[in-house]
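Protein sequence lines correspond, in order, to chains A and B.
Be aware that the first sequence starts at 1, since it is given in this note's numbering, and climbs by one per residue.
Be aware that the second sequence starts at 1, since it is given in this note's numbering, and climbs by one per residue.
Glycine included, each C-beta is placed from N, C-alpha and C at the ideal position.
Just so you know, these numbers come straight off a predicted model, no measurement behind them.
2 protein chains.
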Amino acid sequence: MQTLQHKASEWSGVRTSDAFAIDGSNLFDKLGLQPFVNLSTNFYNRVYDDEEEWFRSIFANSKKEDAIQNQYEFLAQRMGGPPLYSQRRGHPALIARHRPFPVTHEAAERWLHHMQQAMASTIEIDEESKIKMMNFLRHTAYFLVAGDELKNQNQERPCSHGATVQHPCKNF
Amino acid sequence: MQTLQHKASEWSGVRTSDAFAIDGSNLFDKLGLQPFVNLSTNFYNRVYDDEEEWFRSIFANSKKEDAIQNQYEFLAQRMGGPPLYSQRRGHPALIARHRPFPVTHEAAERWLHHMQQAMASTIEIDEESKIKMMNFLRHTAYFLVAGDELKNQNQERPCSHGATVQHPCKNF
């Protein structure tokens with residue numbers, strides 16, 4: 001079986017070593033917290049205003065301000081800053097926490113499109129840091145697509161109520 | 001809905017703030033890599049020799065040396081060390097990566113029993129660090145039990161092959 005990280009690299013076009021080049025230096029020490037807040041605010045302003053209803057609707061059950069805080073706390077922590085996310089919510093558990101959402105290839109690309117635009121609008125982040133962060137985010141988006149497929153694998157297993165039933169369980 | 005981290009705290013008896021007290025100082029800088037290697041080696045030597053077959057069998061499809069490396073790389077990274085785990089495997093994604101295993105309350109307690117014994121055998125780790133690490137590990141074990149329940153939630157949803165079918169999908 002191809003592992004999650006191999007699928008993430010193949011589908012994103014970003015090698016694991018490039019995705020985690022963010023760990024080669026401390027981007028939080030370089031940038032501070034505010035650029036992460038600005039980035040996530042820019043990002044979710046775009047997402048919640050997306051003209052594509054199918055994408056916008058993925059976020060319909062979450063408050064925008066919560067989405068912003070969850071994201072900038074995670075990013076600041078992951079880029080070398082204080083563990084704001086873990087102190088409040090514990091492990092990131094990225095795949096499990098994205099479980100309620102349909103993280104398809106198409107959704108990943110739409111997410112990355114908005115993130116690229118948000119990066120361009122966030123002038124407090126230098127170009128080199130933007131490249132590192134986008135490599136990380138692109139790889140991570142497809143890591144979640146690979147994680148989303150685990151749900152579909154379950155759907156392909158047969159149900160147990162009747163020895164001859166061959167239909168998959170599709171309804172979750 | 002109770003969140004994963006709330007369930008983890010309630011079931012483990014460890015508050016999130018105590019679980020993540022490991023982030024209050026850099027335990028890797030204090031200890032170095034070797035104590036983590038020793039701890040994970042001690043731990044899996046016990047696990048793979050467990051007299052309880054039901055627990056030992058959970059690990060039967062993994063090589064012991066891989067299990068040891070995955071664990072000490074994750075622990076060293078999480079305790080403030082170099083990102084050995086992520087460079088090789090990407091995001092920890094703890095719940096997703098434990099998905100193939102039955103992480104029940106009973107399994108969590110057995111895992112923690114062996115970890116407590118392994119800690120006691122690892123004299124290179126000081127008592128204060130042991131307490132912090134065990135709080136983290138106890139909370140994390142129950143975080144994974146909470147994650148395991150997400151699988152069971154799926155099992156309780158009805159299948160789609162027939163409008164009148166009320167039986168849950170149990171067979172994955």
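The beta carbons of phenylalanine 74 of chain A and proline 102 of chain A sit no closer together than 8 Å. Using a Cβ-Cβ cut-off of 7 Å, arginine 89 of chain A is close to Gln5 of chain B, given in chain order. In the structure shown, glutamine 2 of chain B falls within a coil segment according to DSSP collapsed to helix, strand and coil.
When the five nearest sequence neighbours on each side are left out, the beta carbons in the same chain lying within less than 8 Å of the beta carbon of aspartate 18 of chain A are those of Asn135 and His139, in order along the chain. Taking 8 Å as the cut-off between beta carbons, the residues of the region 2-30 of chain A near chain B are Thr3, Leu4, Gln5, Ala8, Thr16, Ser17, Ala19, Phe20 and Asp23, in sequence order. Taking one beta carbon from each stretch, the region 38-50 of chain B and the region 104-122 of chain B have 3 or more pairs nearer than 8 Å; the two touch. Between threonine 16 of chain B and glutamine 2 of chain B, the C-beta gap is not smaller than 8 Å, which leaves the two residues out of contact. For proline 35 of chain A, the enclosing alpha helix (DSSP H) stretches over residues 34-48.
Under a 10 Å Cβ-count criterion, alanine 76 of chain A is classified as buried, with 16 or more other Cβ atoms of the shown protein chains found around its own Cβ. Closer than 8 Å to the CB of isoleucine 95 of chain B there is at least one CB belonging to chain A.
For serine 86 of chain B, the chain A residues whose Cβ falls inside 7 Å of its Cβ are Phe20 and Asp23, in order along the chain. Here the region 23-33 of chain A lies against the region 76-87 of chain A, with 3 or more beta-carbon pairs under 8 Å apart. Sequence-distant partners of glutamine 71 of chain A (beyond 5 residues in either direction) whose C-beta falls short of 6 Å from its own C-beta, in its chain, are Ser40.
With respect to the 8 Å criterion, phenylalanine 55 of chain A and proline 83 of chain B are not classified as neighbours on the basis of their beta carbons.
At least one beta carbon of chain B lies nearer than 8 Å to the beta carbon of threonine 140 of chain A.
Each residue's CA atom was taken as its position, placing alanine 118 of chain A and glutamate 10 of chain B some 38 Å apart. In the DSSP assignment, alanine 76 of chain A falls within the unbroken alpha helix (DSSP H) covering 64-78. Taking the C-beta atoms as reference points, lysine 130 of chain B is found no nearer than 8 Å to isoleucine 22 of chain B. Boundaries for glutamate 52 of chain A: no alpha helix (DSSP H) harbours it, and the DSSP string shows neither H nor E there. Chain A has no Cβ within less than 8 Å of the Cβ of leucine 39 of chain B.
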